[in-house]
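Novice: First the structure, then my questions, so here it is.
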Ligand code: NIG
Ligand code: FE
């Protein structure tokens, strides 16, 4: 029964991720942790949260009781706010070449790089791409992720970008978790486009944007600002047009050179993602704005590059989210907690900063006000780790995975661990 009230508990610890600062550093002592907790859900929403005993007394007559026998830690479902999981092919050869000392540009010139994934993705039918996206979404779901942002960007023509965004829409309809799509038609200037970067962006703005709106394919627009992609000058007019039409803006910024983050602040983008090359000026500029800084540690690991200066960003007052960036080139691992906990040890992040970056602060990066916290009125997206202490989550660096994942009040995944 869809709207049957359910009471689930007791949890050894329930982290609400509520009442935390929206920006800046967070101490673990600031986490709201309810011991011996329970959660009450109805119609896909959280209707009560508190101590198990008190909630049992209050709801016993109306609710179906789901009583847990072991120690569990409950958290909001993670939000992976930056992925490129709608792709075809594989770039293991790029990884091998990079590790043999070749540069990104040399690899691209030898037929690798983003353009090789474009060829593989163009060769996929929409249904194939949908199925690949569903498969990867389920892999992320098993990691406790209940909302996944998915970018296009391996089509790079009007029809091919539409194919990818339609495949993401179909995947979202078939999938247990929510997929939030983003148009990244401005990932690089396609090699087969006969004209300037500006002309390509103009064509996309004129011919693709109206279809995205008409078919409700996305409300988010992303651009890769980098030497190998678009300059801030080229991107600005394109993003202003998108903004005028009501799209939220997010920018791949400061990955190799510190281009992009200034434009993200100027245009009031919702997020600036990567920032591995950001220096004090860029860090302070972002910290003084409402732009969410999205760190992508798996891309640093995949490329063997510096990490996003997450500690400095937080200390300067920025809002930090962490995402997987799962893509076949720079971030093939597709593991969120592994990357986040490695970033934590390299950058000295508190547990509260990491968990917030994957929940309430990631929700802000996608402008989703209905999730990211366990709070009455929000959607019942949560997951359970079989452990007595939330510190084990980052400590085990991905070695501990959720045993149950709940989405909109429904149990969508369970992985019974041996007891
Ligand atoms: O987020 N930086 C640009 N885009 C992706 C990588 C794309 C690729 O290499 O296929 C990223 O790292
Ligand atoms: Fe990316």
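Numbering (this note's numbering), first residue to last: 10 to 428.
Where a beta carbon is used, it is the ideal one built from N, C-alpha and C, also for glycine.
With three or more C-beta pairs closer than 8 Å as the rule, is the segment 17 to 28 touching the segment 44 to 56?
Specialist: Contact holds: three or more Cβ-Cβ distances are below 8 Å.
Novice: Considering only the alpha carbon of each residue, which of 329, 72, 131 lies closest to residue 374?
Specialist: Indexing the chain shown from 1 puts residue 374 at position 365. Of the listed residues, the one whose Cα sits closest to residue 374 is 329.
Novice: Spatial neighbours of residue 181 within its chain, please: CB distance less than 6 Å, with the 5 preceding and 5 following residues excluded, ordered by chain position.
Specialist: Along the chain shown, one-based indexing puts residue 181 at 172. Cβ neighbours of residue 181 beyond the five flanking positions: 188.
Novice: Let me check understanding here. Comparing Cα to Cα, which of 268, 234, 212, 98 lies closest to residue 250?
Specialist: Counted from its first residue, the chain shown places residue 250 at position 241. Among 268, 234, 212, 98, the Cα nearest to that of residue 250 is on 212.
Novice: Using the DSSP secondary-structure output, state which residues sit across from residue 420 in a beta bridge.
Specialist: In the chain shown, counting from the first residue as 1, residue 420 sits at position 411. In DSSP, residue 420 forms a bridge with 415.
Novice: Would you report the Cα separation of residue 150 and residue 291, rounded to the nearest angstrom?
Specialist: For the purposes of this step, residue 150 is taken as residue 141 along the chain shown, with counting starting at 1. For the purposes of this step, residue 291 is taken as residue 282 along the chain shown, with counting starting at 1. Whole-angstrom Cα-Cα distance: 34 Å.
Novice: Find out if the Cβ-Cβ distance for the pair residue 284, residue 262 is shorter than 8 Å.
Specialist: The sequence position of residue 284 within the chain shown is 275, counting from 1. The sequence position of residue 262 within the chain shown is 253, counting from 1. Taking 8 Å as the Cβ cut-off, residue 284 and residue 262 qualify as a contacting pair.
Novice: Between residue 212 and chain C, is any beta-carbon pair separated by less than 8 Å?
Specialist: No chain C is part of this structure, which consists of one protein chain only.
Novice: How should residue 387 be labelled, buried or exposed, when 16 other C-beta atoms within 10 angstroms of its C-beta is the threshold for buried?
Specialist: Walking along the chain shown from the start, residue 387 turns up at place 378. The residue in question, residue 387, is buried, as its Cβ has 16 or more Cβ neighbours within 10 Å.
Novice: Sorted by chain position, which residues of the same chain lie with C-beta nearer than 6 Å to residue 139's C-beta, five sequence neighbours on each side aside?
Specialist: Walking along the chain shown from the start, residue 139 turns up at place 130. If we look at residue 139 and ignore the five residues flanking it on each side, its Cβ neighbours are 176, 179, 180.
Novice: Beta carbon of residue 263: closer than 7 Å to some heavy atom of the ligand FE?
Specialist: Mapped onto the chain shown, residue 263 falls at position 254. Result no, Cβ not under 7 Å from the ligand FE.
Novice: With respect to the alpha helix (DSSP H) encompassing residue 19, which residues constitute its N-terminal and C-terminal limits?
Specialist: The residue given as residue 19 occupies position 10 in the chain shown. Counting along the chain, residue 19 falls outside any alpha helix (DSSP H), though it belongs to the beta strand (DSSP E) covering 15 to 24.
Novice: Answer yes or no: the CB of residue 337 versus the heavy atoms of the ligand NIG, is any distance below 7 Å?
Specialist: As a first step, residue 337 must be located in the chain shown, where it is residue number 328. Yes; taking the cut-off as 7 Å, the Cβ of residue 337 has a heavy atom of the ligand NIG nearer than that.
Novice: Is it true that the CB of residue 381 sits closer than 8 Å to the CB of residue 369?
Specialist: Numbered from 1 along the chain shown, position 360 holds the residue referred to as residue 369. Numbered from 1 along the chain shown, position 372 holds the residue referred to as residue 381. Cβ atoms of residue 369 and residue 381: closer than 8 Å.
Novice: Quick one: what does DSSP say residue 197 is sitting in, helix, strand or coil?
Specialist: Residue mapping note: residue 197 aligns to position 188 of the chain shown, counting from 1. Coil, per DSSP.
Novice: Exposed or buried, what is residue 91 when buried is set at 16 or more other beta-carbons lying within 10 Å of its beta-carbon?
Specialist: Sequence index remark: in the chain shown, residue 91 carries index 82 (1-based). When all chains shown are included, residue 91 counts as buried.
Novice: Report whether the distance from the Cβ of residue 89 to the nearest heavy atom of the ligand FE is below 7 Å.
Specialist: For the purposes of this step, residue 89 is identified with residue 80 of the chain shown, where counting begins at 1. It does not: the Cβ of residue 89 is nowhere closer than 7 Å to a heavy atom of the ligand FE.
Novice: Going by the DSSP bridge assignment, what does residue 233 pair with across the sheet?
Specialist: If you number the chain shown from 1, residue 233 lands on position 224. In DSSP, residue 233 forms a bridge with 261.
Novice: Throw me the rounded Cβ distance for the residue 311 and residue 342 pair, which I believe falls under 8 Å.
Specialist: Reading the chain shown from its first residue, position 302 is the one you call residue 311. Reading the chain shown from its first residue, position 333 is the one you call residue 342. Right, the Cβ-Cβ distance comes to about 7 Å (below 8 Å), so this counts as a contact.
Novice: For residue 103, verify whether its CB is less than 7 Å away from any heavy atom of the ligand FE.
Specialist: As a working mapping, residue 103 is identified with position 94 in the chain shown. Result no, Cβ not under 7 Å from the ligand FE.
Novice: Considering only C-alpha positions, which residue in the set 148, 376, 199 is nearest to residue 169?
Specialist: On the chain shown, position 160 is the one that residue 169 refers to. Considering only alpha carbons, the answer is 199.
Novice: Taking the Cβ atom as the reference point for each residue, do residue 88 and residue 372 lie within a distance shorter than 8 Å?
Specialist: Translated into positions along the chain shown, residue 88 becomes position 79. Translated into positions along the chain shown, residue 372 becomes position 363. Cβ distance < 8 Å, so residue 88 and residue 372 count as in contact.
Novice: Would the beta-carbon of residue 257 be found less than 7 Å away from any heavy atom of the ligand FE?
Specialist: Numbered from 1 along the chain shown, position 248 holds the residue referred to as residue 257. Checking every heavy atom of the ligand FE against the Cβ of residue 257, none is found closer than 7 Å.
Novice: Can you determine whether any heavy atom of the ligand FE sits closer than 7 Å to the C-beta of residue 44, and answer yes or no?
Specialist: Residue mapping note: residue 44 aligns to position 35 of the chain shown, counting from 1. False, no ligand heavy atom lies under 7 Å from that Cβ.
Novice: Among residues of its own chain, excluding the 5 on either side of residue 102, which ones have a beta-carbon nearer than 7 Å to its beta-carbon?
Specialist: Indexing the chain shown from 1 puts residue 102 at position 93. 121, listed in sequence order.
Novice: Quick one: give me the first and last residue of the beta strand (DSSP E) that residue 363 is part of.
Specialist: Here residue 363 refers to the residue found at position 354 when the chain shown is read from its first residue. Where residue 363 is concerned, there is no enclosing beta strand (DSSP E), although the alpha helix (DSSP H) it sits in stretches over 360 to 367.
Novice: Between 111, 109, 56, which has its C-alpha nearest residue 12's C-alpha?
Specialist: Here residue 12 is taken as the residue at index 3 of the chain shown, counted from 1. The candidate whose alpha carbon is nearest that of residue 12 is 56.
Novice: Using only the alpha-carbon positions, how far apart do residue 117 and residue 287 sit?
Specialist: For this step, residue 117 is matched to residue 108 along the chain shown. For this step, residue 287 is matched to residue 278 along the chain shown. Roughly 24 Å separates the two Cα atoms.
Novice: Using the C-alpha atoms, what's the distance from residue 395 back to residue 403?
Specialist: Working through the chain shown from its first residue, we reach residue 403 at position 394. Working through the chain shown from its first residue, we reach residue 395 at position 386. If I take the Cα positions, the gap works out to 14 Å.
Novice: Below 8 Å on the Cβ atoms is my contact criterion, and I expect residue 236 with residue 256 to pass it. Report the Cβ-Cβ distance as a whole number of Å.
Specialist: On the chain shown, residue 236 is found 227 positions in, with the first residue counted as 1. On the chain shown, residue 256 is found 247 positions in, with the first residue counted as 1. About 25 Å; that fails the 8 Å criterion.
Novice: Could you give the C-beta distance for residue 304 and residue 352, rounded to a whole number, given that I count them as a contact under 8 Å?
Specialist: Numbered from 1 along the chain shown, position 295 holds the residue referred to as residue 304. Numbered from 1 along the chain shown, position 343 holds the residue referred to as residue 352. About 6 Å separates the two Cβ atoms, so the contact holds.
Novice: Hey, would you say the C-beta of residue 93 is under 7 Å away from at least one heavy atom of the ligand FE?
Specialist: Here residue 93 refers to the residue found at position 84 of the chain shown. Checking the Cβ of residue 93 against the ligand FE gives yes.
Novice: Using alpha carbons as the reference points, say which of 339, 324, 345, 158 lies closest to residue 333.
Specialist: Numbered from its first residue, the chain shown carries residue 333 at position 324. Nearest of 339, 324, 345, 158 to residue 333, Cα basis: 345.
Novice: Return the first residue and the last residue of the beta strand (DSSP E) that residue 392 is part of.
Specialist: For the purposes of this step, residue 392 is taken as the residue at position 383 of the chain shown. Taken as a continuous stretch (DSSP letters only), the beta strand (DSSP E) holding residue 392 covers 391 to 394.
Novice: Which of the three DSSP states, helix, strand or coil, is assigned to residue 10?
Specialist: Taking the chain shown and counting its residues from 1, one reaches residue 10 at position 1. Its pLDDT being 48, under 50, residue 10 is placed unreliably by the model, and the measurement read from it follows with that caveat. Residue 10: coil per DSSP, three-state reduction.
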